[in-house]
Amino acid sequence: SGRGAGGEGATHPKTPGSYLLLTLHRPSNVDNTERLNEILTEIAAGANQTPILFPVHPRTRQKLESSGIQLAAPFVVVEPLPYLEFGYLIEHSKGIITDSGGITEEATVFGIPCMTLRNSTERPETVELGTNELIGSNSADIVPAIQKMLGSHWKKGSIPPLWDGHAGSRIVKQLETLLVHST
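Residue numbers (my numbering): 12 to 194.
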């Protein structure tokens, strides 16, 4: 793999809020070369010169390599990251472009704009209350969504009820209640 400015092996953007974070791994977005290339082209166009930090999932990397798709600036391609480092990048990004469900939850908790390249999500609370918006599968919707994100016109969102970090104590309380009533 090549090393250089933008593309493969470039260093992470250092300034918080100066980059977009991209993850793609769903078969519907990466298995078809034409679809993958279309998504990446639209993302690059929408981002203009804003760096796009792209920790590449193994499935996506394999497709990029087998199809000959080359990524250059504004993409900054990195290996998949450990959870804490990735969480730091989520928290300090200008916005997130993803097809993942879990990342939309973290974006909501951190208050980071998030666009999901899918028609539906198993985490509707991130759309209804959080900072996530479903962009769908129409590639023409990607550029306007990124421009809205970069222009700071994204919805603010709120943290859904019960996402307060106290789930463990609520579980203990329920277990204690169950144990008391079962004896």
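Backbone N, C-alpha and C fix where the C-beta goes; we use that ideal spot for every residue, glycine too. Owing to the predicted nature of the structure, the values given are computational and were not obtained by experimental measurement.
Beta-carbon proximity of residue i to residue j, cut-off 8 Å
i	j	result
Ile123	Gly106	yes
His36	Asp110	yes
Leu92	Phe65	no
Ile50	Leu128	yes
Ile157	Gly57	yes
Thr137	Asn130	no
Ser78	Thr44	yes
Gly112	Glu133	yes
Leu82	Val88	yes
Tyr30	Ile63	yes
Under the three-state DSSP convention, the category residue i falls into
i	result
Gly20	Because the pLDDT at Gly20 is just 43, under 50, the model does not fix this residue reliably, and the value given afterwards should be weighed accordingly. Coil.
Thr132	coil
Ile170	coil
Ile153	helix
Ile101	helix
Arg72	helix
Gly57	helix
Asp175	coil
Thr26	coil
Gln81	coil
Leu140	coil
Top-ranked residue by Cα proximity to residue i, from the options
i	options	result
Glu139	Cys125, Ser150 and Asp152	Cys125
Pro171	Val120, Leu186 and Tyr94	Val120
Thr26	Thr61, Ser78 and Lys74	Thr61
Asn40	Thr71, Leu31, Tyr30 and Ile63	Thr71
Ala84	Val191, Ala55, Leu75 and His103	Ala55
Lys167	Gly141, Gly98 and Glu133	Gly141
Ile76	Glu133, Asn48, Gly176 and Ser180	Looking at the sequence shown, residue 76 is not Ile but Glu. The shortest Cα separation from Glu76 among Glu133, Asn48, Gly176 and Ser180 belongs to Asn48.
Ser169	Ala118, Ile182, Ser193 and His177	Ala118
Opening and closing residue of the alpha helix (DSSP H) in which residue i lies
i	result
Thr115	Gly113 to Phe121
Lys166	Segment: none, Lys166 is in no alpha helix (DSSP H) and carries neither H nor E.
His192	Ala178 to Ser193
Asn40	Pro38 to Val41
Cross-strand partners of residue i (DSSP beta bridge)
i	result
Gly106	Leu31
Glu96	Glu96 pairs with nothing; no bridge assigned.
Leu145	Thr127
Short CB-CB distance (under 8 Å) between residue i and chain B
i	result
Thr194	Although the question refers to chain B, the structure presented lacks it and comprises just one protein chain.
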